[in-house]
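Reading through the structure tokens given below for one structure.
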Amino acid sequence: MPAHAQQPQVPYCAETNWMPYEGVRNGKHIGLVADYLRLVSELTGIQFSVVKTEDWKQSLTYLAAGKCHVAVMSKSAQARSRSIRFSHVFMDMPDVLITRANMPMLQGYAGIGDRRLAVVRDYRHADYLARYYPAVTVVPVASEYEGFRALREHEVDVMVGSLLSVNAYLNKHGDDDFVLSGIAEPYDGLRFALGSTADPAMVGLLNRGISAIPQSRTVDIYKRWNQVSVRQGQTWWPILGGLIAVMLVAGLIAWRQRTLRQFKQLLHSRNADLEALQAVVLEKNRTIEFLSNHDAVTGLFNRNHFILKGEEEISRYTRFQSPASLVVMDLLAITAQSPEAKNRTQEYFLRCIGKACLSSVREVDVIARWSNDQLVFLCPQTSQSDATTLANRLLQCIELAARNQGFTVTIAAGVAALNDNWSFNDWYEQACSVLYQARRQGGGVVTLTSY
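Number 324 in the working numbering belongs to position 324 of the sequence shown; there are no gaps in the numbering.
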């Protein structure tokens, strides 16, 4: 990391008015993102220089033009360019439904009914609603501030906003006319966006920095920029004269204050329930994401995820001519030797092989189960000769793990380095062509003849 810190500063696109997330005041970068960026800089050695932008769209334009290399965006911002790469989400950012204070609790999109819903233009909420809640009437607005104006003037009945920015708006304006009425899907989060001009290794460096940040520091930043203030509304009635009128007004004030306290207690309780539900949903989403990318038997990546990584490696090769190699392996035979192993199922043997693979490959490598008896192994930044060495080492580890579990396995492998103008199918077919040679010789590793 110290070597990285000596490099020129990385241009960072900072939105000037996206508080409490980030802003630029008197030339200084402030906000939740600014504090988090300083933490990442301390842990990774990356130094950032601020490039001011008006909004996330301009940040995307600057990323594409190379005016800056890194920006922070919410997952709801629709970045359609394939050249934009993203880091892991470093902070959850729940979205909420806001209504006027005289409206009932909605709890979610299903409770909106025929009410008009304000959604910030070009955020993914519009597409999400069109797909899953087509009956909801959506009114696009330019920003959350414009949404509050439309809500106040009864142009809409409900709006979607980020919890932190909504809380900051209500605290700033001391406004009791609006209340939080529910959680809005899909759940959002903050992540780093990197343009095509950024160092390819920076995504991994940022992800490691994100993973290294203690949870206590993240909570401290969140508390600092999510200041909660309790606003007590008061009703002042003019004295019209007479003791009876005064008593009536006093009674009305007491009733209203009691009602407000009950309502705020109910709102606090509902918010606590919603936060607990959100935590459960986030955990389930992580589980679903893992299952969608992994094979259920071996624990390795599945075919779809591997193809995606292969296409990314081809794009990297096209831009930077960085070497990459593909290894295709067939499990020719699995034979139980010990009495215990003879009572085991095929899935047990495959799980053992999967664990051996995961413990043997490098962190940058990608290994997946392609079909019932075929594994594929992607080696980024690796020549064909080095990939052959890695493949031989992997076969030895698998065979050793098999013997320790009381069975033997025969494996054939074909190795092919990526060449110019190859698609993923071309690359895979070349690796399979040498795999067939390995199958004919009864196993082992065979490499593609250089062009």
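Idealized CB from N, CA, C, for every residue including glycine.
- Message: Quick check: the Cα distance between residue 1 and residue 193, rounded to an integer number of angstroms?
- Response: Per-residue confidence for residue 1 stands at a pLDDT of 43, beneath the threshold of 50, marking its modelled position as unreliable; no derived number is given.
- Query: Using a Cβ-Cβ cut-off of 6 Å (strictly less than) and excluding sequence neighbours within five positions of residue 230, which residues of its own chain qualify?
  - Reply: For residue 230, the predicted structure reports a pLDDT of 45, less than 50, and the residue's modelled location is therefore unreliable. A value from the coordinates is still provided. Nothing meets the Cβ criterion.
- Message: Among the candidates 298, 182, 418 and 56, whose CA atom is the shortest distance from the CA of residue 354?
- Response: 298
- Complete beta strand (DSSP E) runs within the region 336-403 (minimum length 3 residues, chain order): 366-371 and 374-380
- Item | Sheet register partners of residue 13 (DSSP bridge) | 51 and 71
- Query: Counting along the chain, where does the beta strand (DSSP E) carrying residue 29 start and finish?
  - Reply: 28-30
- Query: Measuring CB to CB, does residue 323 end up less than 9 Å from residue 381?
  - Reply: yes
- Item | Spatial distance of residue 57 from residue 394 (CA atoms) | 46 Å
- Given a threshold of 16 other Cβ atoms within 10 Å of its Cβ, counted over all protein chains shown, does residue 191 qualify as buried or as exposed? buried
- Query: What do you reckon, are the CB atoms on residue 416 and residue 430 nearer than 9 Å?
  - Reply: yes
- Looking only at DSSP bridge pairs, what is residue 34 linked to? DSSP, once it has assigned bridges, lists no residue as partnering residue 34.
- Query: Below 9 Å between beta carbons: does that hold for residue 209 and residue 40?
  - Reply: yes
- Query: Under a CB-based cut-off of 9 Å, is residue 137 close to chain B?
  - Reply: Given the protein chain composition of this structure (a single chain), no chain B is represented.
- Message: Applying the 10 Å Cβ sphere with the 16-neighbour rule, what's the burial state of residue 26?
- Response: exposed
- Message: Under DSSP, the beta strand (DSSP E) around residue 138 begins and ends at which residues?
- Response: 137-141
- Message: Residues in the same chain with beta-carbon distance under 8 Å from residue 16, minus the five sequence neighbours each way, listed in chain order, please.
- Response: 23, 24, 52, 53 and 54
- Item | Beta-carbon spacing of residue 225, residue 32 below 9 Å | yes
- Message: Can you give me the C-alpha to C-alpha distance between residue 166 and residue 97, rounded to a whole angstrom?
- Response: 10 Å
- Query: Buried or exposed: which applies to residue 259, given that a residue is buried once 16 or more other Cβ atoms fall within 10 Å of its Cβ?
  - Reply: exposed
- Contact check, residue 291 vs residue 368, beta carbons under 9 Å: no
- Task: Below 7 Å CB to CB, which residues in the same chain sit around residue 62 once its five sequence neighbours on both sides are set aside?
- Result: 13, 51, 53 and 68
- Three-state secondary structure (DSSP) at residue 209? helix
- Item | Top-ranked residue by Cα proximity to residue 424, from 388, 308, 350 and 385 | 308
- Three-way DSSP call (helix, strand, coil) for residue 123 in this model: strand
- Task: State whether the region 114-125 contacts the region 210-219, with contact taken as three or more CB pairs (one from each stretch) at a distance under 8 Å.
- Result: no
- Task: Over the uninterrupted beta strand (DSSP E) stretch that includes residue 84, give me the two end residues.
- Result: Per DSSP, residue 84 belongs to no beta strand (DSSP E) and is neither H nor E.
- Would you list, in sequence order, the uninterrupted beta strand (DSSP E) runs of no fewer than 3 residues that lie entirely inside the region 160-198? 178-194
- Task: Mind reading off the beta-carbon distance from residue 443 to residue 402? Whole number of angstroms is fine, and I expect it under 8 Å.
- Result: With a Cβ gap of about 13 Å, residue 443 and residue 402 do not count as contacting.
- Residue of 264, 66 and 28 minimising C-alpha distance to residue 460: Nothing about residue 460 can be reported from this structure: the residues present for the chain run from 1 to 451 only.
- Could you tell me if residue 280 is buried or exposed, where buried requires 16 or more neighbouring beta carbons within 10 angstroms of its beta carbon? exposed
- Query: Could you check where the alpha helix (DSSP H) with residue 312 kicks off and where it finishes?
  - Reply: 303-320
- What is the DSSP secondary structure of residue 422, counted as helix, strand or coil? coil
- Query: According to the Cβ coordinates, are residue 314 and residue 418 closer than 9 Å?
  - Reply: yes
- Task: Note down the Cα distance separating residue 303 from residue 357, rounded to an integer number of angstroms.
- Result: 16 Å
- Item | Where residue 221 falls, given that 16 or more other Cβ within 10 Å makes a residue buried | buried
- What are the partner residues of residue 22, as DSSP defines its beta bridges? 18
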